[in-house]
DNA sequence: ATAGGCATTGTAAACGTTTACGTAACGTGC
DNA sequence: GCACGTTACGTAAACGTTTACAATGCCTAT
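Below, the structure is given as structure tokens:
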């Protein structure tokens with residue numbers, strides 16, 4: 025049997041209360057002598073605390089639940105890394121619950137699982153919640169925060185890039201390079217996509233361009249490959265890709281179709297992961313600070329001060345050419 | 025306050041035992057009538073079970089702990105996906121504990137955390153354990169299984185590709201294409217690396233080639249970039265890369281140095297993730313079945329029948345040329 | 001001497017479940 | 001009418017901690 029504080033108490037001739045106080049560092053409530061004695065016995069017995077029991081009596085787990093889509097997004101590791109690190113600094117553990125791939129049932133299940141454990145906060149990364157999930161979360165009175173998704177309202181916590189500004193920046197950048205026929209590829213139909221479309225529209229409108237060319241997708245490489253064909257007849261000279269993977273898909277499809285990038289077609293990618301460096305040419309990108317997004321979301325959900333939007337950086341590589 | 029079974033019991037005029045029996049589906053121990061009554065009350069009260077309490081009394085959590093390196097390996101999502109799915113089928117939840125980046129302290133901490141929760145099994149993905157970790161795990165009497173790492177002995181559970189065979193296959197493939205000066209790039213100095221080196225050596229020796237060219241690294245893109253320069257003076261005509269990222273690094277460094285792939289240098293990559301399709305040319309790879317590795321490791325750690333080695337597939341793309 | 005304060009420890013209840021055991025009611029077969 | 005089995009349910013202990021409260025001993029100031 026695994027030793028408990030009871031065993032330690034018996035072995036060292038004190039009560040379990042004293043053992044508990046020493047082991048949970050309630051300094052000032054025990055003498056150095058008993059501390060030493062208890063610590064020695066604990067070590068000798070190979071004692072390991074039972075977190076389950078602690079959580080039961082405290083009615084609170086020092087744990088943040090991260091619910092995440094199973095979509096193999098290449099940035100998720102950076103987000104997780106940021107969350108993990110910051111949580112550790114604040115004395116919190118992290119458990120990750122996978123929500124399948126846009127599977128409403130699994131997503132719901134993941135939230136319930138988190139709720140069953142009395143976690144100190146719930147983080148939802150790259151998740152688009154349905155109404156039911158949202159009420160479930162609200163009624164639970166457990167703080168929750170969306171990560172890399174901004175619901176368009178400050179009423180629900182979120183940490184994300186400012187997608188509208190991001191898309192506007194990308195569009196402006198292309199406009200500044202002389203492009204006037206600019207496409208937007210691979211955006212989704214939810215919050216993130218809409219915000220990016222809005223920014224794209226706004227930037228174009230500011231220069232009196234009404235023509236917009238928007239193709240929806242799912243952020244995947246395949247999505248990018250397929251979408252290129254749809255842009256071809258539309259005479260765009262530049263495309264903003266909704267993710268690095270979409271950009272890579274567009275790029276490779278273009279090369280196969282004999283279209284040179286950036287000579288005949290400019291590409292700006294959104295995300296800025298390693299993928300951008302791997303392709304030929306390397307992809308100019310709006311690089312999101314995923315690590316920071318993750319770290320900040322921890323602060324947010326635990327009630328520490330932190331901003332909703334994390335700045336984005338434009339990184340010039342080799343996929344955009346000046347025209348006109 | 026969150027409602028408990030006590031509240032349900034009071035509300036429906038039965039004992040908490042009966043409520044518990046209904047709620048935990050101990051079929052045959054209650055009448056349909058009471059079941060209906062209790063379920064109704066539970067729903068009305070918005071009851072949610074307290075997993076912590078359940079785990080405390082059962083002394084067992086229906087949870088598998090996955091300890092994983094924070095190294096942004098692009099295959100980890102596939103492994104996690106496999107684990108998650110299979111665990112779900114077996115009624116187990118998954119919590120992921122990040123172990124930092126080859127940080128012995130954090131790694132140790134992660135194991136302790138898992139042990140504190142009485143999990144049903146511990147999975148260690150891409151982790152090279154030190155002696156201390158190993159004894160800690162062994163003494164805990166919690167089943168554990170290494171994922172994508174084979175310690176070279178069947179005494180400790182593992183699910184992995186057969187690295188020796190994998191490397192031999194890659195080498196043979198290159199030999200069959202006429203290459204005789206073959207390099208091996210980016211392998212580590214631990215189990216995985218040694219096994220691959222052994223396979224590489226064995227395949228070469230089988231054709232009476234004694235010359236080996238091995239460069240160590242850390243599986244990263246940067247690692248690949250740097251390593252190319254070291255191979256240049258050695259006149260190899262083909263290189264086996266220890267990961268897709270290393271291959272991408274080699275490829276791009278080669279292109280920058282004016283060396284055409286595959287015309288002047290052939291490349292075989294190990295892993296076979298999406299990265300292989302993104303580069304130009306696409307990378308011929310020994311593709312590991314990470315999803316299966318993950319899924320099978322769950323079976324393994326829970327005591328179900330499953331093999332240690334998961335087959336690897338050679339996928340021909342465009343980075344190898346026949347010579348001689 | 002006495003009261004008060006402080007340091008240290010012990011007692012016992014509480015957290016929300018599960019489950020072994022006991023019991024009552026109700027047939028059923030004889 | 002009796003023994004017995006079955007069904008349905010209740011009682012109470014247990015899981016391993018934390019912590020409010022009480023108790024003890026000792027020191028100090030009066």
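Chains as they are written, first to last, in this note's numbering: chain A, 25 to 348; chain B, 25 to 348. Every residue, glycine too, gets a C-beta built ideally from N, C-alpha and C.
In three-state DSSP terms, what is residue i?
i             : result
residue 255/B : helix
residue 78/A  : helix
residue 211/A : strand
residue 53/B  : coil
residue 236/B : coil
residue 248/B : helix
residue 87/A  : strand
residue 299/A : helix
residue 2/B   : Nothing about residue 2/B can be read from this structure; chain B reaches only from 25 to 348.
residue 110/B : helix
residue 9/A   : No information on residue 9/A is available, as it lies outside the stretch 25 to 348 that chain A covers here.
residue 270/B : helix
residue 201/A : coil
residue 152/A : coil
residue 242/A : coil
residue 159/B : helix
residue 328/B : coil
residue 220/A : helix
residue 190/A : helix
residue 322/B : helix
According to DSSP, what are the bridge partners of residue i?
i             : result
residue 169/A : 147/A
residue 122/B : 92/B
residue 291/B : 263/B
residue 181/A : In DSSP, residue 181/A forms no bridge with anything.
residue 339/B : 309/B
residue 333/A : 184/A
residue 117/A : 87/A
residue 206/B : 262/B
Check the Cβ of residue i against every Cβ in chain A and list those closer than 9 Å, keeping chain order.
i             : result
residue 304/B : 275, 276, 279, 303, 304
residue 72/B  : 136, 139, 140, 164
residue 264/B : Within chain A, no residue comes near residue 264/B; the closest Cβ sits about 19 Å away, beyond 9 Å.
What does residue i touch in chain B if you count any residue whose Cβ is under 8 Å from its own?
i             : result
residue 117/A : 121, 137
residue 17/A  : Limits of chain A in this structure are 25 at one end and 348 at the other, which puts residue 17/A out of reach.
residue 100/A : 101
For residue i, which residues in chain A fall below 7 Å Cβ to Cβ?
i             : result
residue 86/B  : None at all; the shortest Cβ gap to chain A is about 10 Å.
residue 316/B : The premise fails here: residue 316/B is roughly 15 Å from chain A at the closest Cβ pair, so nothing lies under 7 Å.
Run down chain B in chain order and give the residues with a C-beta less than 7 Å from the C-beta of residue i.
i             : result
residue 79/A  : 76
residue 312/A : Neighbours of residue 312/A on chain B: none; closest Cβ ~15 Å, over 7 Å.
residue 32/A  : Residues of chain B passing the Cβ test: none, with the nearest at roughly 16 Å.
residue 250/A : Per Cβ cutoff of 7 Å: no residues; residue 250/A is ~14 Å from chain B at best.
Taking all protein chains shown into account, decide if residue i is buried (16 or more other Cβ within 10 angstroms of its Cβ) or exposed.
i             : result
residue 268/B : buried
residue 297/A : buried
residue 115/A : exposed
residue 346/A : exposed
residue 258/B : exposed
residue 125/A : exposed
residue 152/B : buried
residue 203/B : buried
residue 60/B  : exposed
residue 85/B  : buried
residue 188/B : buried
residue 55/A  : exposed
Using a C-beta to C-beta distance shorter than 8 Å, which residues of chain A count as neighbours of residue i?
i             : result
residue 272/B : 302
residue 59/B  : Result: empty, since nearest Cβ-Cβ is about 21 Å, beyond 8 Å.
Using the beta-carbon of each residue, which ones in chain B are nearer than 9 Å to residue i?
i             : result
residue 283/A : What residue 283/A touches in chain B: nothing, since even the nearest Cβ is about 13 Å away.
residue 294/A : Simply none; closest approach about 16 Å.
- Item | Stretch pair the region 290-302 of chain B + the region 191-208 of chain B: three plus CB contacts closer than 8 Å | yes
Three Cβ pairs or more, each shorter than 8 Å: is that satisfied between the region 99-108 of chain B and the region 313-328 of chain B? yes
Quiz item: Counting Cβ pairs closer than 8 Å, one from the region 117-124 of chain A and one from the region 169-177 of chain A, do we hit at least three?
Solution: no
Between the region 26-38 of chain B and the region 50-69 of chain B, do three or more beta carbon pairs fall short of 8 Å? yes
Within 8 Å, do at least three Cβ pairs link the region 163-175 of chain B to the region 214-233 of chain B? yes
Okay, do the region 181-188 of chain B and the region 316-331 of chain B touch, 3+ Cβ pairs below 8 Å being the bar?
yes
### Task
Report yes or no: do three or more beta-carbon pairs, one from the region 257-265 of chain B and one from the region 227-234 of chain B, lie closer than 8 Å?
no
Quiz item: Do the region 74-87 of chain B and the region 47-62 of chain A touch if we need at least three Cβ pairs shorter than 8 Å?
Solution: no
Original post:
Is the region 243-258 of chain A in contact with the region 274-289 of chain A, if contact means three or more CB pairs nearer than 8 Å?
Top reply: yes
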